[in-house]
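Engineer: Numbered by full-length UniProt numbering, the letters in the sequence shown go through residues 1 to 530 in order. Backbone N, C-alpha and C define an ideal beta-carbon position, used for all residues, glycine too. In this text, all values refer to a predicted model and were calculated from it rather than measured experimentally.
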Amino acid sequence: MTNETTKCKPQQEESEHEDSLPVPPDGGYGWVIVFASFICNMMVDGVTYCFGIFLPDLVTHYHSTEAKVAWVGSILAGVTMCTGPIVSAVTNKYGCRVSCMAGAVIAATSFALSVFSPSVEVLMLIYGAGGGIGFGLMYVPAVVCVGYYFESKRSLATGMAVCGSGFGTIVFAPFGRFLLVNYGWKGANLVLAALCLTCTIFGFLMKPLEYKKPERTVTMVYQNGTADITNDMKKSYTSLGDLSASRQSLASKKSQALPPLARQDVLYAGSIRNLKEFQSQKSLHDFRQSMLSIPKHKSRYGGKALSGISKVFTELLDFSLMTDRVFIIIALSNVVGFMALYIPFDFLVEAAVKDGIDKSKASLLISFMGITNTVGRIICGFVADFPKVNTLLVNNICMIIMTIAIGSAGFCHDYLSYSAMALINGCAMAGYISLTSILLVEFLGLEKLTSAFGLLILFRGTGALIGPPLHGIIINSSSYSYGFMAASGFFAISTILSFIIPIVQKSASKEKIIVNEDLMPVNGKIEEGV
1 MTNETTKCKP QQEESEHEDS LPVPPDGGYG WVIVFASFIC NMMVDGVTYC FGIFLPDLVT
61 HYHSTEAKVA WVGSILAGVT MCTGPIVSAV TNKYGCRVSC MAGAVIAATS FALSVFSPSV
121 EVLMLIYGAG GGIGFGLMYV PAVVCVGYYF ESKRSLATGM AVCGSGFGTI VFAPFGRFLL
181 VNYGWKGANL VLAALCLTCT IFGFLMKPLE YKKPERTVTM VYQNGTADIT NDMKKSYTSL
241 GDLSASRQSL ASKKSQALPP LARQDVLYAG SIRNLKEFQS QKSLHDFRQS MLSIPKHKSR
301 YGGKALSGIS KVFTELLDFS LMTDRVFIII ALSNVVGFMA LYIPFDFLVE AAVKDGIDKS
361 KASLLISFMG ITNTVGRIIC GFVADFPKVN TLLVNNICMI IMTIAIGSAG FCHDYLSYSA
421 MALINGCAMA GYISLTSILL VEFLGLEKLT SAFGLLILFR GTGALIGPPL HGIIINSSSY
481 SYGFMAASGF FAISTILSFI IPIVQKSASK EKIIVNEDLM PVNGKIEEGV
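(1) Spatial neighbours of residue 99 within its chain, please: CB distance less than 6 Å, with the 5 preceding and 5 following residues excluded, ordered by chain position.
(2) So, at 7 Å on beta carbons, what are the nonlocal neighbours of residue 102 in its own chain, with the 5 sequence-adjacent residues on each side left out?
(3) Tell me which same chain residues have a C-beta within less than 7 Å of the C-beta of residue 195, skipping the five on either side of it?
(4) Leaving out five residues before and five after residue 488 in sequence, what residues of the same chain have Cβ atoms less than 6 Å from its Cβ?
(5) In whole angstroms, give me the CA-to-CA distance for residue 331 and residue 40.
(6) Going by DSSP in three states, residue 74 sits in which element: helix, strand or coil?
(7) What distance in whole Å lies between the Cβ atoms of residue 372 and residue 167, which are believed to be in contact at a cut-off of 8 Å?
(8) If you draw a straight line from the alpha carbon of residue 123 to that of residue 401, how long is it in whole angstroms?
(9) For a minimum of 4 consecutive residues, which ranges assigned as the alpha helix (DSSP H) are wholly contained in the region 429-493?
(10) In whole angstroms, what is the alpha-carbon distance linking residue 326 and residue 443?
(11) What is the rounded straight-line gap between the Cα of residue 411 and the Cα of residue 318?
(12) Verify whether the separation of the beta carbon atoms of residue 366 and residue 338 is less than 8 Å.
(13) Pick out whichever of 457, 506, 160 and 484 has its Cα sitting closest to the Cα of residue 470.
(14) Taking Cβ to Cβ, would you say residue 498 is nearer than 8 Å to residue 395?
(15) So, with DSSP's three-state summary, where would you put residue 413?
(16) With residue 37 as the anchor, note down where its alpha helix (DSSP H) starts and where it stops.
(17) Would you check if the distance between the CB atom of residue 324 and the CB atom of residue 185 is smaller than 8 Å?
(18) Just the C-alpha distance for residue 86 and residue 428, rounded to the nearest angstrom, thanks.
(19) Which same chain residues, not among the five before or five after residue 423, have their C-beta less than 7 Å away from its C-beta?
(20) Whether or not the region 159-179 and the region 66-86 are in contact is what I'm after, with contact meaning three or more pairs of Cβ atoms, one per stretch, closer than 8 Å; do they touch?
(21) Do residue 467 and residue 84 have their beta-carbon atoms positioned less than 8 Å apart in this structure?
(22) Helix, strand or coil for residue 389, going by three-state DSSP, please let me know.
(23) Alpha carbon to alpha carbon, what distance is there between residue 169 and residue 414?
(24) Would you mind sorting residue 94 into buried or exposed? The rule is 16 or more other CB atoms within 10 Å of its CB.
(25) Just confirm the distance between the C-beta atoms of residue 336 and residue 493, as a whole number of angstroms; I'd bet it's less than 8 Å.
(26) Helix, strand or coil, according to DSSP, for residue 358 in the structure here?
(27) Just the Cα atoms here: how many angstroms apart are residue 378 and residue 62?
(28) Distance check for residue 152 and residue 25, CA to CA, integer angstroms please.
(29) Using the Cα positions of residue 120 and residue 69, report the straight-line distance between them to the nearest angstrom.
(30) Where does residue 26 sit, in a helix, a strand or coil, going by DSSP?
(31) Measuring CB to CB, does residue 434 end up less than 8 Å from residue 449?
(32) Residues in its own chain within less than 6 Å of residue 398 by CB, not counting five upstream and five downstream?
(33) Throw me the rounded Cβ distance for the residue 111 and residue 193 pair, which I believe falls under 8 Å.
(34) What is the DSSP secondary structure of residue 510, reduced to helix, strand or coil?
(35) Which of the three DSSP states is assigned to residue 99 in this structure?
(36) Among 343, 364, 202 and 64, which residue has its Cα nearest to the Cα of residue 118?
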């Protein structure tokens, strides 16, 4: 037998493990994630909702008007939400951990630097815009991460995490007042900056949910004349001419982490058992596989092949929703509603003080809203888990109650009436906020949840940006009573738009049926090219 050139042909086989996709633990380390999310929500909403406590001191320090200083708080709240779509792309690219830690550093730096602001305009830029960007980077990961770690217990876990919002309002109202009395607004901001910086620790806890990369087996076929020798890479063979080959058989199993928003249902706060997508699947595993949203660009989470943030941004958001009449009504309702949402938080304390109520007692009104908001979120989450509950009706009832409560603030002149208004408004607000993802799925479908949620918080941010300064102008030119009544009017409009949603959806569905019937020829098949 003659000595001939030996050729080597690699052949690759891949065996997929059935559980190669990440399986949410529904507990275990997931509870650490819930705690981290709770703290981040507490910090973001606690500081944002309690800005009204700082408002009088800032007006005095800068010799400005309430309308002008109100821009600082509205920019903080507005930018936090308006950055939502961009932050979603950042989170999907770099992960919840990096996004949250970066946000904590930016927010802490902004609050610390704000004490050097020579004017209200500079304060708007540093405290408002800078703090808002930081809070936006903290807020989105806090929402997403819980949904990523929980599946069957997601409703409970999400409810516990978002209670941080109410708890933050409870704690930061008296705490903020304490800081103002003892250290002034500059000292208070430095303390808030230090607290924000501690959120880097909780952001670090938001590690990605990993899974094992599918096993790959590499087979080498050696061709030497007419002889083929197959090497399964576990052994070594020697061919003519003492040619030896030896190679590892299995590619190492590497831990992979899917992008946080790879699951279509990750933002859904209700019970997955109420989803028609879950009910149509044979098993939880099948449902999980069906929820995977494959990105258009072949990429690895955090890897070099990942496309730029702009590409991730366009993949996450479906801007065709802007032509969907149902979504447009939902968006308009939220813009108008959020123009009024922050008014009690920004102006209720000062209104009570002008009625002769002690500042320390007046600041507790914010805490009262936080207490009932926390309880309300738990109740609404429990009620919404029942499949036969009309979620939109619950939402609209809460909006009606908020409309009445905010309007009644204009007629409050003693501590008891102010307290009653705060307690009722806080509870109703819980239903308005916590049912958002459930309503979006109900009217737009689960496949559009990520896009709809991202765009909706952009609209909410717009409302939050416009509302407080507008009401500040009304208050400066007239009185607090007219300001609260105007806010009530905005919420009434928002409520009416919310009641219209099913009518618009029904009308749109009928039009689709008519169009489909027009396209259907006699033989029952749609003609090509139509």
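Structural biologist: This is what the structure holds:
(1) Here residue 99 refers to the residue found at position 99 of the sequence shown. Excluding positions up to five away in sequence, the list reads 90, 91, 137 and 141.
(2) Walking along the sequence shown from the start, residue 102 turns up at place 102. Once the five neighbours on either side are set aside, the close Cβ partners of residue 102 are 137.
(3) The residue you call residue 195 lines up with position 195 of the sequence shown. Answer for residue 195: 43, listed in chain order.
(4) Position 488 of the sequence shown holds residue 488. The answer, listed in chain order, is 403, 406 and 407.
(5) Looking up residue 331 in the sequence shown gives position 331. Looking up residue 40 in the sequence shown gives position 40. If you take the alpha carbons of residue 331 and residue 40, they lie about 26 Å apart.
(6) Indexing the sequence shown from 1 puts residue 74 at position 74. Reduced to three states, the DSSP call for residue 74 is helix.
(7) Along the sequence shown, one-based indexing puts residue 167 at 167. Along the sequence shown, one-based indexing puts residue 372 at 372. Not quite, the Cβ-Cβ distance comes to about 12 Å (not below 8 Å), so this is no contact.
(8) By 1-based counting over the sequence shown, the position of residue 123 is 123. By 1-based counting over the sequence shown, the position of residue 401 is 401. Each residue's alpha carbon lies about 35 Å from the other.
(9) 436-444 and 449-477
(10) The residue given as residue 326 occupies position 326 in the sequence shown. The residue given as residue 443 occupies position 443 in the sequence shown. Looking at the two C-alpha atoms, the distance is approximately 7 Å.
(11) To locate residue 411, count along the sequence shown from 1; it is residue 411. To locate residue 318, count along the sequence shown from 1; it is residue 318. Spanning the two alpha carbons is a distance of roughly 44 Å.
(12) Position 366 of the sequence shown, counted from the first residue, corresponds to residue 366. Position 338 of the sequence shown, counted from the first residue, corresponds to residue 338. Cβ atoms of residue 366 and residue 338: not closer than 8 Å.
(13) Indexing the sequence shown from 1 puts residue 470 at position 470. When only C-alpha atoms are compared, the closest one is 484.
(14) The residue you call residue 498 lines up with position 498 of the sequence shown. The residue you call residue 395 lines up with position 395 of the sequence shown. Going by C-beta atoms, residue 498 is nearer than 8 Å to residue 395.
(15) If you number the sequence shown from 1, residue 413 lands on position 413. Three-state DSSP puts residue 413 in coil, outside helix and strand.
(16) Residue mapping note: residue 37 aligns to position 37 of the sequence shown, counting from 1. Unbroken alpha helix (DSSP H) run through residue 37: 30-49.
(17) Numbered from 1 along the sequence shown, position 324 holds the residue referred to as residue 324. Numbered from 1 along the sequence shown, position 185 holds the residue referred to as residue 185. Cβ distance not < 8 Å, so residue 324 and residue 185 don't count as in contact.
(18) Position 86 of the sequence shown, counted from the first residue, corresponds to residue 86. Position 428 of the sequence shown, counted from the first residue, corresponds to residue 428. Near 30 Å, if we compare the C-alpha coordinates of residue 428 and residue 86.
(19) The count along the sequence shown starts at 1 and reaches residue 423 at position 423. Hits under 7 Å: 368 and 372.
(20) no
(21) As a position in the sequence shown, residue 84 is number 84, starting the count at 1. As a position in the sequence shown, residue 467 is number 467, starting the count at 1. Cβ distance not < 8 Å, so residue 84 and residue 467 don't count as in contact.
(22) Walking along the sequence shown from the start, residue 389 turns up at place 389. In the structure shown, residue 389 sits in coil (DSSP, three-state: anything other than H, G, I, E or B).
(23) As a working mapping, residue 414 is identified with position 414 in the sequence shown. As a working mapping, residue 169 is identified with position 169 in the sequence shown. Taking the straight line joining both Cα atoms gives about 22 Å.
(24) Residue numbering aside, residue 94 sits at position 94 when the sequence shown is read from its first letter. Residue 94 comes out buried.
(25) Counting from 1 along the sequence shown, the entry for residue 336 is found at position 336. Counting from 1 along the sequence shown, the entry for residue 493 is found at position 493. At roughly 5 Å, the Cβ-Cβ gap stays under 8 Å, so residue 336 and residue 493 are in contact.
(26) As a first step, residue 358 is located in the sequence shown; it is residue number 358 there, counting from the start. Residue 358: coil per DSSP, three-state reduction.
(27) Looking up residue 378 in the sequence shown gives position 378. Looking up residue 62 in the sequence shown gives position 62. Going by the C-alpha atoms only, they are around 41 Å apart.
(28) Start at 1 with the first residue of the sequence shown, and residue 25 comes out as number 25. Start at 1 with the first residue of the sequence shown, and residue 152 comes out as number 152. Those two C-alpha atoms are separated by around 10 Å.
(29) Counting from 1 along the sequence shown, the entry for residue 120 is found at position 120. Counting from 1 along the sequence shown, the entry for residue 69 is found at position 69. Cα-Cα distance, rounded: 7 Å.
(30) Numbered from 1 along the sequence shown, position 26 holds the residue referred to as residue 26. The answer is coil: DSSP assigns residue 26 none of H, G, I, E or B.
(31) Start at 1 with the first residue of the sequence shown, and residue 434 comes out as number 434. Start at 1 with the first residue of the sequence shown, and residue 449 comes out as number 449. The answer is no: Cβ separation not under 8 Å.
(32) The residue given as residue 398 occupies position 398 in the sequence shown. Same-chain partners within the cutoff: 428, 431 and 432.
(33) In the sequence shown, residue 111 corresponds to position 111, counting from 1. In the sequence shown, residue 193 corresponds to position 193, counting from 1. Yes, they are in contact, since the Cβ atoms of residue 111 and residue 193 sit about 4 Å apart, within 8 Å.
(34) Stepping through the sequence shown from its first residue, residue 510 is reached at position 510. DSSP places residue 510 in helix when its eight states are reduced to three.
(35) As a first step, residue 99 must be located in the sequence shown, where it is residue number 99. Residue state, collapsed to three classes: helix.
(36) In the sequence shown, the residue the question calls residue 118 occupies position 118. Answer by Cα proximity: 64.
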